[in-house]
Amino acid sequence: MIPAVRSEFRKFFTTRLWWGMAIAIFVAGAAFAALFGFLLTSETARSGEAGVPTGDATQVASSVYTGGLSIGYLLLLTIGVLQIGSEYRHKTISGTFLATPRRLRAMLAKVVALLGIGAVYGLVSLVGSVSVGAVVLGLRDQDAFPSGTIVRTLALSLLVLGLWALIGLGIGILIPNQVAALLIGVGVAWIVEPLIGFAMSFWEFGREHVAQFLPTSATNAIVNAVSNGPDEVRLEWWGGALVLAAYAAVLAGIGIWRTTRADIA
Amino acid sequence: MTTTTGRPGGADSGRIEITGLTKTFGQFVAVDGLTFGVEPGRITGFLGPNGAGKTTTLRMLLGLVRPTSGTATIGGRPYADLPRPLESVGAALEATNFHPGRSGRDHLRVLAAAGGIPDRRVDELLELTGIPAAARKRAGGYSMGMRQRLGLAAALVGDPQVLVLDEPANGLDPEGIRWLRGFLKHLASEGKTILVSSHLLQEVAQTVDDVVIIANGRLVQAGPMEELEGTPGSLVQTSDAAALAGALRVADVTSSVQEDGSLVADTGDMRLVGDVALRAGLPIYGLRPQRADLETLYFSLTEGTNRNLGDGAAPVGAPTEGDAVTGQEGANL
Chain A
3 MIPAVRSEFR KFFTTRLWWG MAIAIFVAGA AFAALFGFLL TSETARSGEA GVPTGDATQV
63 ASSVYTGGLS IGYLLLLTIG VLQIGSEYRH KTISGTFLAT PRRLRAMLAK VVALLGIGAV
123 YGLVSLVGSV SVGAVVLGLR DQDAFPSGTI VRTLALSLLV LGLWALIGLG IGILIPNQVA
183 ALLIGVGVAW IVEPLIGFAM SFWEFGREHV AQFLPTSATN AIVNAVSNGP DEVRLEWWGG
243 ALVLAAYAAV LAGIGIWRTT RADIA
Chain B
241 MTTTTGRPGG ADSGRIEITG LTKTFGQFVA VDGLTFGVEP GRITGFLGPN GAGKTTTLRM
301 LLGLVRPTSG TATIGGRPYA DLPRPLESVG AALEATNFHP GRSGRDHLRV LAAAGGIPDR
361 RVDELLELTG IPAAARKRAG GYSMGMRQRL GLAAALVGDP QVLVLDEPAN GLDPEGIRWL
421 RGFLKHLASE GKTILVSSHL LQEVAQTVDD VVIIANGRLV QAGPMEELEG TPGSLVQTSD
481 AAALAGALRV ADVTSSVQED GSLVADTGDM RLVGDVALRA GLPIYGLRPQ RADLETLYFS
541 LTEGTNRNLG DGAAPVGAPT EGDAVTGQEG ANL
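Heads up: the sequence lines are chains A and B, in that order.
Here my numbering = 1-based position in the first sequence + 2.
Here my numbering = 1-based position in the second sequence + 240.
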């Protein structure tokens with residue numbers, strides 16, 4: 003298992019993708035920290051009007067530090083899709099299964115590697131967001147580290163990125179065309195899901211019992227971001243983590259199960 | 241039998257055994273009850289027209305495709321049950337199995353990591369296959385010959401006892417083919433089992449010891465190359481073919497008079513033919529060995545069986561049947 007995991011890490015770090023992604027995720031972390039740092043501490047935000055994102059000092063700081071995650075998890079989704087999609091596309095999957103013919107082991111190595119890559123990129127994102135965000139919050143006379151909850155949030159953001167990478171892995175297997183998988187994965191996460199969430203807000207049962215289980219809502223719950231309005235129903239952080247982990251487990255699980263049985267031609 | 245392997249595990253560790261192997265895709269029977277063995281220390285040519293089922297057979301042997309029925313084992317075990325597969329079996333399947341953005345050397349390092357093989361082996365192999373400098377560039381720009389060499393290096397990463405090569409001569413220039421031929425003979429002399437597929441008999445005729453010929457997923461012929469070539473003959477030009485035939489018959493050599501007045505004696509011993517002619521007082525204008533025409537033989541065995549022709553499914557760059565017939569002057573493996 004350990005050799006297979008090493009091999010997966012090498013696959014990832016021997017193409018140019020990794021540092022391009024690292025730069026993007028760092029910049030996103032820093033830029034969103036600056037943006038949210040100013041927006042969430044503005045007069046309008048403090049007024050508590052309906053429709054304006056609100057939260058206590060901890061939630062504000064959490065949002066500032068994890069603002070870049072909305073870009074970051076899409077990048078990790080992409081990495082997850084590519085980690086398997088490029089193997090199909092360039093037919094390196096044959097070599098992978100020749101070296102590790104126990105396919106379940108080969109695929110679990112991908113899972114472990116993607117969780118690791120998620121954590122590494124999470125750290126890169128946090129280096130950008132915490133350094134910039136703390137400065138901005140300081141400038142606005144806000145407490146940069148209002149409670150210990152922040153530490154939990156930061157740690158969990160590493161897990162969030164890993165779980166999104168696993169969702170990508172599942173999508174990458176279930177949609178063998180890499181480009182289609184990327185478009186559908188990112189499209190659903192960034193466009194379809196917010197639209198569904200918006201539609202839910204007009205439907206009482208959906209708003210109270212469904213919306214919080216959507217992957218993006220679950221992600222927001224994990225990192226304890228500010229809420230979009232007083233009506234928003236939100237899971238506890240651990241509930242969000244379980245929901246997102248369930249998405250990752252189901253998608254990656256179905257994908258892996260299919261891969262272990264398929265003919266590689 | 242030349243089955244000395246010089247390795248722990250005994251002579252059987254490198255034997256490939258295919259038994260009743262069958263694969264159907266829906267209604268289509270790609271491989272149909274195939275049974276043959278491949279011996280260590282010998283180069284076995286696995287031949288058949290495009291679409292005969294060669295690649296599917298090799299992929300079943302390597303555990304990439306699940307057989308509908310039958311078994312394929314290496315040293316008595318299915319591929320997936322080999323404890324350290326890269327150190328038992330090396331496979332080069334297609335020359336396109338590289339990520340274009342990853343260097344050839346990194347491609348090998350990825351494989352080496354998965355097999356628990358030290359990185360220095362990677363650089364050894366790049367030297368051995370003659371591509372140490374080019375392998376540091378990204379694989380996207382490699383020529384077909386480079387890809388074939390890199391594929392061969394990948395197959396050898398674990399210094400395996402068994403080599404399975406799918407069309408390794410495709411895209412190689414004459415110099416590359418000559419290099420490959422010598423390389424394979426060297427590996428076979430180390431006692432390795434080498435199974436090499438090709439859709440052209442002439443491509444491998446000079447290299448292989450054994451042949452397995454399939455068509456439409458079924459076995460057509462399996463055995464030593466000499467058996468396929470049949471009894472060697474001698475073509476004699478003389479003044480009176482019938483008289484020489486009579487003289488040869490006395491020496492226990494059968495022969496047949498050809499339409500053009502020459503004689504084909506069923507022996508490869510040309511000295512004997514010459515001596516008989518001298519004793520009979522017949523002049524010899526020409527005397528040369530005559531072997532069975534492999535090309536004709538191969539096509540008679542596999543004729544009209546290329547089920548891929550006509551549906552445009554033949555891989556790009558693969559020679560067509562017409563090329564194969566007229567390509568006699570081409571470099572042979």
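C-beta atoms are modelled at their ideal positions from N, C-alpha and C, and glycine is treated no differently.
On a predicted model such as this, the values are computed, not experimentally measured, just so you know.
Nearest-angstrom Cβ-Cβ length linking residue i and residue j, presumed shorter than 8 Å
i	j	result
K432 of chain B	G254 of chain B	7 Å
P340 of chain B	R389 of chain B	About 17 Å separates the two Cβ atoms, so there is no contact after all.
R154 of chain A	T261 of chain A	At roughly 34 Å, the Cβ-Cβ gap does not stay under 8 Å, so R154 of chain A and T261 of chain A are not in contact.
L348 of chain B	A394 of chain B	6 Å
R531 of chain B	E469 of chain B	6 Å
G70 of chain A	A35 of chain A	7 Å
L41 of chain A	I169 of chain A	Contact doesn't hold; Cβ gap of about 28 Å is too wide.
A520 of chain B	A485 of chain B	That belief does not hold up - the Cβ atoms of A520 of chain B and A485 of chain B are roughly 10 Å apart, past 8 Å.
P354 of chain B	A6 of chain A	A quick correction: the sequence has Ala, not Pro, at residue 354 of chain B. Rounded, the Cβ-Cβ distance is 6 Å, consistent with contact.
Q85 of chain A	F11 of chain A	Wrong, their Cβ atoms sit about 11 Å apart, outside the cutoff.
R421 of chain B	Q446 of chain B	7 Å
N179 of chain A	Q61 of chain A	No, N179 of chain A and Q61 of chain A are not in contact; Cβ-Cβ is about 40 Å, not under 8 Å.
G87 of chain A	G150 of chain A	No, G87 of chain A and G150 of chain A are not in contact; Cβ-Cβ is about 40 Å, not under 8 Å.
E195 of chain A	T218 of chain A	5 Å
P523 of chain B	S479 of chain B	5 Å
I81 of chain A	A167 of chain A	6 Å
Contact under 8 Å by Cβ, residue i with residue j
i	j	result
L176 of chain A	I256 of chain A	yes
V245 of chain A	F215 of chain A	yes
G508 of chain B	S474 of chain B	yes
A254 of chain A	G172 of chain A	yes
L435 of chain B	V404 of chain B	yes
L301 of chain B	A312 of chain B	yes
S44 of chain A	V228 of chain A	no
D406 of chain B	L333 of chain B	yes
V448 of chain B	I283 of chain B	yes
P408 of chain B	P472 of chain B	no
L156 of chain A	I224 of chain A	no
A32 of chain A	S131 of chain A	yes
R387 of chain B	F423 of chain B	no
A375 of chain B	G344 of chain B	yes
P289 of chain B	T536 of chain B	no
A481 of chain B	L503 of chain B	yes
G241 of chain A	T221 of chain A	no
Y123 of chain A	I25 of chain A	no
D346 of chain B	A352 of chain B	no
Closer than 7 Å: residue i CB and nearest the ligand PLP heavy atom
i	result
Q214 of chain A	In the structure shown, the ligand PLP is absent, as is every other ligand, since no ligand is present at all.
Residues bridged to residue i [DSSP beta-bridge criterion]
i	result
Q530 of chain B	B:G473
T102 of chain A	Paired residues: none, contrary to the question.
K207 of chain B	Nothing can be reported for residue 207 of chain B, as the shown portion of chain B is limited to 241 through 573.
I152 of chain A	Looking at the DSSP assignment, I152 of chain A forms no beta bridge with any residue, so it has no partner.
I256 of chain B	B:V278 and B:I314
F265 of chain B	B:F268
I283 of chain B	B:I434
S159 of chain A	DSSP output for S159 of chain A lists no bridge partner at all.
I175 of chain A	Bridge partners of I175 of chain A: none, in fact.
Q461 of chain B	B:I453
S309 of chain B	B:T262
V497 of chain B	B:L503
R329 of chain B	Arg is not the amino acid found at residue 329 of chain B; the sequence shown has Val there. According to DSSP, which records beta bridges pairwise, V329 of chain B is partnered with B:V402.
I524 of chain B	B:T478
S343 of chain B	B:R378
(message) When you compare the segment 57-76 of chain A with the segment 114-133 of chain A, are there three or more beta-carbon pairs, one atom per stretch, that lie closer than 8 Å?
(response) They touch, by the three-pair rule.
(message) Taking contact to mean 3 or more Cβ pairs, one atom from each stretch, closer than 8 Å, check whether the segment 108-122 of chain A and the segment 161-171 of chain A are in contact.
(response) Counting Cβ pairs under 8 Å, three or more are found: they touch.
(request) Inspect the CB distances between the segment 390-400 of chain B and the segment 323-337 of chain B and report whether three or more fall short of 8 Å. (result) Touching, yes.
(request) Examine the Cβ distances between the segment 452-460 of chain B and the segment 258-274 of chain B and report whether three or more of them are shorter than 8 Å. (result) Cβ pair count under 8 Å is three or more, so yes.
(message) In chain order, what are the residue ranges of uninterrupted beta strand (DSSP E) at least 3 long that sit wholly in the segment 402-458 of chain B?
(response) With a minimum length of 3 residues, the continuous beta strand (DSSP E) runs that stay inside the segment 402-458 of chain B are 402-406, 433-438 and 450-455.
(request) Spell out a yes or no on whether the segment 87-102 of chain A and the segment 128-146 of chain A are touching, meaning 3 or more CB-CB pairs, one atom from each, closer than 8 Å. (result) No: fewer than three Cβ pairs fall under 8 Å.
(request) Can you check the segment 85-147 of chain A for any alpha helix (DSSP H) of at least 4 residues that lies completely inside it and give the ranges in chain order? (result) The segment 85-147 of chain A contains these whole alpha helix (DSSP H) runs: 95-101 and 105-141.
(request) Could you say if the segment 177-186 of chain A and the segment 196-213 of chain A meet the contact criterion of at least three C-beta pairs nearer than 8 Å? (result) With a cut-off of 8 Å, the segment 196-213 of chain A and the segment 177-186 of chain A do not count as touching, because too few Cβ pairs lie within range.
(message) Which runs of the alpha helix (DSSP H) at least 4 residues long sit entirely within the segment 352-386 of chain B? Give them in chain order.
(response) Taking only runs of at least 4 residues, the alpha helix (DSSP H) segments lying wholly in the segment 352-386 of chain B are 360-368.
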